[in-house]
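Presented below is the structure to which this report refers.
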Amino acid sequence: MTATIERGSATASVNPPADTAKTAKPRRKSGFLGSSNGKKAVMAITGAVMVLFLIGHMAGNLKSFAGAESFNAYAAFLRTMGEPILPHRVLLTVVEVALVVAVALHMWSAISLARRASKARPVKYAAKRKSRANGYAVHTMRYGGVIIVLFVIYHLLDLTFGAVNPAGGGATPYDRLVEGFAPSRWWVTLFYVLALVMVGLHLRHGLWSAFQTLGLAGSRSYRPLKAVAAGLSALLVIGFLAVPVAVAIGVIK
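Counting from 219, one number per residue, gives the positions in the sequence shown under this note's numbering.
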């Protein structure tokens with residue numbers, strides 16, 4: 219490498235290293251899905267799919283207040299949707315696959331955004347000025363997500379397959395519901411309460427983030443959308459909690 223510097227001159231000509239020019243490669247374009255906005259859009263859309271599923275699931279669960287016949291009829295309807303045009307349980311399987319894909323894409327976008335944010339700030343700030351609200355949201359979404367995943371796994375083993383349910387897999391959906399949340403199994407109800415509270419906190423933060431991602435959270439709509447996110451989350455949590463609590467105290471039996 220050679221360099222020529224003239225005394226008293228403000229400029230200097232420096233020959234760049236030869237190997238630098240050879241090794242420099244242009245960045246590959248990752249496309250819309252590879253960008254932060256694309257990942258946020260994926261998270262918002264998949265989150266909306268899961269919210270719609272939760273609303274439908276909650277409405278079905280509340281049929282248990284109408285008695286065993288009504289709840290069992292609802293459970294049977296889920297497996298016969300689309301008949302006779304479609305074979306037995308095909309439409310329900312399509313819905314389940316779509317939901318699994320939505321959950322997987324939601325987790326992928328969340329992890330990708332977290333990694334990108336971490337790489338963008340490889341060195342921590344010397345003065346730690348961290349927003350309490352932001353830290354609360356991050357911890358809620360991170361650890362609450364783990365609790366929700368464990369809850370979903372146990373929920374399927376308990377009420378869907380009956381593997382850990384006292385009534386067993388051969389019992390009717392209503393019998394599994396009543397036996398699953400029986401007063402003697404208070405710890406199961408307590409776990410459901412904890413998990414559903416985490417679902418509510420996760421949902422409230424997720425809805426508000428989706429409103430911001432879609433550009434809906436303006437100066438005028440800030441407070442109304444905040445109220446919508448909190449209100450919808452609270453409604454879903456109360457709706458889901460009503461059934462296990464009612465079974466635990468003997469209202470549903």
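The C-beta atom is built at its ideal place from N, Cα and C for all residues, glycine as well.
Boundaries (first-last residue) of the alpha helix (DSSP H) holding residue i
| i | result |
| --- | --- |
| tyrosine 408 | Reading off the sequence shown, one finds leucine at residue 408, where the question assumed tyrosine. 404-431 is the span of the alpha helix (DSSP H), which, as asked, contains leucine 408. |
| isoleucine 329 | 308-338 |
| glycine 388 | Premise fails: glycine 388 is in no alpha helix (DSSP H) and is neither H nor E. |
| threonine 378 | Careful: threonine 378 lies outside any alpha helix (DSSP H) and carries neither H nor E. |
| alanine 286 | 286-298 |
| phenylalanine 271 | 254-279 |
Distance, residue j Cα to residue i Cα
| i | j | result |
| --- | --- | --- |
| alanine 385 | leucine 395 | 9 angstroms |
| glutamate 397 | lysine 337 | 49 angstroms |
| valine 370 | tyrosine 410 | 10 angstroms |
| leucine 414 | valine 313 | 22 angstroms |
| phenylalanine 399 | aspartate 393 | 10 angstroms |
| isoleucine 456 | isoleucine 273 | 12 angstroms |
| asparagine 383 | proline 442 | 42 angstroms |
Close beta carbons around residue i, own chain, < 7 angstroms, minus the five adjacent residues each side
| i | result |
| --- | --- |
| alanine 328 | Met261 |
| alanine 448 | Arg422 |
Assigned exposure category for residue i - 16 Cβ within 10 Å defines buried
| i | result |
| --- | --- |
| isoleucine 303 | exposed |
| asparagine 255 | exposed |
| leucine 425 | buried |
| phenylalanine 429 | buried |
| threonine 311 | exposed |
Cut-off 6 angstroms between Cβ atoms - residues of its own chain near residue i, not counting five sequence neighbours on either side
| i | result |
| --- | --- |
| valine 461 | Asn279, Ser282 |
| lysine 258 | Thr431 |
8 angstroms Cβ shell around residue i - same chain, five flanking residues per side excluded
| i | result |
| --- | --- |
| methionine 268 | Leu317, Ala320, Val321, His324 |
| leucine 377 | Asn383, Pro391, Arg394, Leu395, Gly398 |
Nearest-angstrom beta carbon gap, residue j and residue i [assumed within contact, 8 angstroms]
| i | j | result |
| --- | --- | --- |
| histidine 275 | glycine 363 | Histidine 275 to glycine 363, Cβ: 18 angstroms. No contact. |
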